[in-house]
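Asker: Could you have a look at this structure, given as structure tokens, before my questions?
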Amino acid sequence: MTETETGPHTWRPDRFMVVAAHPDDADFGPAATVASWIDQGSVGWLVCCTSGDAGAEDPDTDPLDLAALREREQRAAAEVVGYEGVTFLHMPDGALVNDLILREHLVREIRTFRPDAVLATDPETLFYRDRGVNHTDHRAAGYAAVDAVYPAARNPMAFPWLAKQGLAAHRVRRIYLFWSDTPTVRVDVTGTVDRKLDALRAHASQLKDFDEIEKWTREWTAEVGKEVGVEAAEGFHMVMIDEDDEVEAAEAGGQVEAAVAES
Ligand SMILES: [Zn+2]
């Protein structure tokens, strides 16, 4: 049984990484939480598995032009939110698969940036209750992020060439799954809903009726906020992998081992 917090969630990672399938997912998803954490001193990095090259309705659209446009839009949005940087993995939009190639890419990103928390789409969401289907890429990106975090990123024997190239194993402490039907924590985003909307505005190629998007974004965050007694919130299914004291003990142990090895 998963515990659900009754007040707003207050733990904050020093470093975090958002893994998204498409440009705009991170902004429709956890952007207000990301902006709030960054305002409080966290450092964030965004990884987009695809560049959204299938995100248009005209079949004559050039997918490479569209990908380049959507990368520019996502970089502009990421700047609004305050990420330190963005990586595009250039996987095909609509055909994302949780395979070893994607997992290795994500392990490489995690071991390079070394986040305390990874935010990703909840892979278990197949339907949004009875209102629509969750895109196959969102599910694939969610599974790939989870599988990259545990066990691959922390296991030096997973993709062993990475450790040999200097990308040492890294323990991500927590996973925050967004677009979840089973949220367990809600982050107060009262001060950053406007930034989320500014970030969403950057995705001009994807927006037909921004007024409608603004309306439901405000309604949705207010509804989630009400559950924890704040004006606006975003919900996540939070999965704890290592309690903070376990990580500190493991790191201290590592230092002792290193000191013994050196002596
Ligand atoms: Zn998407």
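Position in the sequence shown counted from 1, then plus 5, gives you our numbering.
By construction, the Cβ of each residue, glycine as well, lies at the ideal position given by its N, Cα and C atoms.
Please tell me whether V229 and A238 are closer than 9 Å, where the distance is taken between their beta carbons.
Answerer: yes
Asker: How about A26: is its Cβ closer than 8 Å to a heavy atom in ligand 1?
Answerer: yes
Asker: Tell me, please, which residues DSSP counts as bridged to D63.
Answerer: Beta-bridge pairing links D63 to no other residue.
Asker: What span of residues does the beta strand (DSSP E) with L101 cover, start to end?
Answerer: Here L101 belongs to no beta strand (DSSP E), and DSSP marks it neither H nor E.
Asker: At which residue ranges does the region 193-265 contain complete alpha helix (DSSP H) runs of 4 or more residues, listed in the order of the chain?
Answerer: The DSSP assignment places complete alpha helix (DSSP H) segments of no fewer than 4 residues inside the region 193-265 at 198-206 and 215-231, in order along the chain.
Asker: Comparing alpha-carbon positions, which option in A125, L74, C53 and W50 lies nearest I180?
Answerer: A125
Asker: Do you know whose CA, among P165, L172 and A25, lies nearest F118's CA?
Answerer: L172
Asker: Work out the CA separation of H143 and W225 for me, nearest whole Å.
Answerer: Spanning the two alpha carbons is a distance of roughly 20 Å.
Asker: Report whether the distance from the Cβ of D30 to the nearest heavy atom of ligand 3 is below 8 Å.
Answerer: What this structure holds is ligand 1, not ligand 3.
Asker: Please go through the same chain and pick out, in chain order, the residues whose beta-carbon is closer than 8 Å to the beta-carbon of S210, but skip the five residues on each side of it.
Answerer: G60, A61, L71, L74, R75 and E78
Asker: Flag R144 as yes if its beta-carbon sits less than 9 Å from any beta-carbon of chain C, otherwise no.
Answerer: Of the protein chains in the structure, only one exists, and it is not chain C.
Asker: Please return the same chain residues whose Cβ sits closer than 6 Å to the Cβ of T189, not counting the five positions on each side in sequence.
Answerer: T7, T9, H242 and M243
Asker: Where D29 and N139 are concerned, what is the direct C-alpha to C-alpha distance, given to the nearest angstrom?
Answerer: 15 Å
Asker: Select from T11, F33 and M22 the residue whose C-alpha is nearest the C-alpha of R200.
Answerer: Put simply, of T11, F33 and M22 the residue whose alpha carbon is nearest the alpha carbon of R200 is F33.
Asker: Among D152, R17, D58 and V177, whose alpha-carbon lies nearest the alpha-carbon of D247?
Answerer: V177
Asker: Could you tell me how far apart the beta carbons of G112 and A168 are, in whole angstroms, since I believe they sit closer than 8 Å?
Answerer: The amino acid at residue 112 is misidentified as Gly; the sequence shows Val. About 10 Å; that fails the 8 Å criterion.
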